[in-house]
Amino acid sequence: MRVGLEGHVVGRTLSSVEVLHPRAIRRHLPGASDFTGRLTGRKLVATRRRGKYLWVELDGELALLAHLGMSGQLLVQPVGAPDEKHLRVRFRFADDGPELRFVDQRTFGGFLVDELVTVDGADLPTAIEHIARDPMDPAFDPAAFVTALRRKRTELKRALLDQSLVSGIGNIYADEALWRARLHWSRSTERLSAAKAREVLAAATDVMREALGQGGTSFDALYVNINGQSGYFDRSLAVYGQEGLPCGRCGTPIRREPFMNRSSYFCPRCQRRTK
DNA sequence: CAACCGCCCTGGGTGC
DNA sequence: TGCACCCAGGGCGGTT
0 MRVGLEGHVV GRTLSSVEVL HPRAIRRHLP GASDFTGRLT GRKLVATRRR GKYLWVELDG
60 ELALLAHLGM SGQLLVQPVG APDEKHLRVR FRFADDGPEL RFVDQRTFGG FLVDELVTVD
120 GADLPTAIEH IARDPMDPAF DPAAFVTALR RKRTELKRAL LDQSLVSGIG NIYADEALWR
180 ARLHWSRSTE RLSAAKAREV LAAATDVMRE ALGQGGTSFD ALYVNINGQS GYFDRSLAVY
240 GQEGLPCGRC GTPIRREPFM NRSSYFCPRC QRRTK
């Protein structure tokens, strides 16, 4: 998504911004008129990503920060193309070329305009100062992650989802990484060996790299790239959403258990629960 | 302070 | 056919 966006918007100047649903900018506390006011006339300089956050650097040390939530899409569409049913924000450009649209059925996604701050050598929007580097980041420190993980006193999957430890891992990639590392989601972080911690991190990194290579995960057909095409990593899922189907390693039916008001999928034989 | 819970929201699917 | 209900997801405020 970031790469696609880069090719379409970098170097262009915003001429108008239209907020069609207030929830899409709920994290921009000064409100819609401030949001559009700060963006209008601004030039887009670069696209950046950290974990699940995406932002566009603007001239003037500002950033347009986005989180797509679970159903958010950024689409490039010709001016005048029919509005999508769930169109939430429209960005138009001074060159009158194709516009950028934020389409989001479930309205978990959204934007804010934010100032940049330097944290540990990286320029970040202030709102995401607490978000850790993701495993694709060249400056990501695996050893520091392992140390921080083992200092936690919680369940392993909770820690993998904690975006202040490592970012970019959500419910799907956590389950896939745990299956690859043969660890149950409820394993305690403080009793996890450093070797096992490294293993689950490596598995998560592999899952993310493979998913990126395939354009992401689109199990519910709501995830699409900048051209409206879905990723197809869902074809590669070993456990997520596979309840009752045989484990690819041992054939035991995959099980689903409630976890934090959602679900964890795992192989009950490969991923034994420990005390 | 760390850990944890519940809520935000929409629409597709299911069961009655 | 229509209605009530459930579920998916990430992040954050509030509570323990």
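Heads up: the first sequence begins at 0 in numbering that gives the first Met the number 0, then just goes up one per residue. Glycine included, each C-beta is placed from N, C-alpha and C at the ideal position.
Residue i and residue j: beta carbons closer than 8 angstroms?
{"i": "residue 167", "j": "residue 3", "result": "no"}
{"i": "residue 91", "j": "residue 101", "result": "no"}
{"i": "residue 270", "j": "residue 177", "result": "yes"}
{"i": "residue 61", "j": "residue 9", "result": "no"}
{"i": "residue 52", "j": "residue 63", "result": "no"}
{"i": "residue 136", "j": "residue 125", "result": "no"}
{"i": "residue 69", "j": "residue 134", "result": "no"}
{"i": "residue 164", "j": "residue 147", "result": "yes"}
{"i": "residue 180", "j": "residue 202", "result": "yes"}
{"i": "residue 119", "j": "residue 23", "result": "no"}
Distance check for residue j and residue i, CA to CA, integer angstroms please.
{"i": "residue 239", "j": "residue 132", "result": "24 angstroms"}
{"i": "residue 216", "j": "residue 210", "result": "With a pLDDT of 47 at residue 216, under the threshold of 50, the predicted position of this residue should be treated as unreliable, though the coordinate-derived value follows. Going from the Cα of residue 216 to the Cα of residue 210 covers about 7 angstroms."}
{"i": "residue 35", "j": "residue 111", "result": "10 angstroms"}
{"i": "residue 262", "j": "residue 255", "result": "6 angstroms"}
{"i": "residue 170", "j": "residue 160", "result": "7 angstroms"}
{"i": "residue 228", "j": "residue 74", "result": "Unreliable placement is indicated for residue 228, whose pLDDT of 49 sits below 50; no coordinate value is reported for it."}
{"i": "residue 187", "j": "residue 0", "result": "34 angstroms"}
{"i": "residue 149", "j": "residue 212", "result": "30 angstroms"}
{"i": "residue 121", "j": "residue 144", "result": "17 angstroms"}
{"i": "residue 37", "j": "residue 185", "result": "45 angstroms"}
{"i": "residue 84", "j": "residue 129", "result": "34 angstroms"}
{"i": "residue 93", "j": "residue 153", "result": "51 angstroms"}
{"i": "residue 11", "j": "residue 264", "result": "44 angstroms"}
{"i": "residue 76", "j": "residue 183", "result": "44 angstroms"}
{"i": "residue 151", "j": "residue 157", "result": "10 angstroms"}
{"i": "residue 31", "j": "residue 98", "result": "19 angstroms"}
{"i": "residue 14", "j": "residue 20", "result": "19 angstroms"}
{"i": "residue 5", "j": "residue 29", "result": "27 angstroms"}
{"i": "residue 235", "j": "residue 172", "result": "11 angstroms"}
{"i": "residue 107", "j": "residue 259", "result": "17 angstroms"}
{"i": "residue 244", "j": "residue 268", "result": "13 angstroms"}
{"i": "residue 7", "j": "residue 116", "result": "26 angstroms"}
{"i": "residue 272", "j": "residue 33", "result": "51 angstroms"}
{"i": "residue 162", "j": "residue 54", "result": "17 angstroms"}
{"i": "residue 89", "j": "residue 72", "result": "12 angstroms"}
{"i": "residue 226", "j": "residue 266", "result": "In this prediction, residue 226 scores a pLDDT of 47, lower than 50, which makes its location untrustworthy; no coordinate-derived value is stated."}
Using 8 angstroms for Cβ pairs, my map puts residue i next to residue j. What's the rounded Cβ distance?
{"i": "residue 16", "j": "residue 46", "result": "Residue 16 to residue 46, Cβ: 17 angstroms. No contact."}
{"i": "residue 109", "j": "residue 26", "result": "6 angstroms"}
{"i": "residue 41", "j": "residue 59", "result": "7 angstroms"}
{"i": "residue 155", "j": "residue 191", "result": "6 angstroms"}
If we count the other Cβ atoms within 10 Å of its Cβ and call it buried at 16 or more, is residue i buried or exposed?
{"i": "residue 174", "result": "buried"}
{"i": "residue 194", "result": "exposed"}
{"i": "residue 189", "result": "exposed"}
{"i": "residue 67", "result": "buried"}
{"i": "residue 105", "result": "exposed"}
{"i": "residue 246", "result": "buried"}
{"i": "residue 56", "result": "buried"}
{"i": "residue 204", "result": "buried"}
{"i": "residue 219", "result": "The pLDDT assigned to residue 219 is 37, lower than 50, so where the model puts this residue is not dependable; a value taken from the coordinates is nonetheless given after this. Exposed is the call here."}
{"i": "residue 81", "result": "exposed"}
{"i": "residue 78", "result": "exposed"}
{"i": "residue 142", "result": "exposed"}
{"i": "residue 249", "result": "exposed"}
{"i": "residue 251", "result": "exposed"}
Residue i: beta carbon under 7 angstroms from a heavy atom of the ligand SAM?
{"i": "residue 129", "result": "Questions concerning the ligand SAM fall outside what the structure shown contains, since it holds no ligand whatsoever."}
Worksheet item: Would you call the region 244-258 and the region 197-208 touching, i.e. three or more CB-CB distances under 8 angstroms?
Response: no
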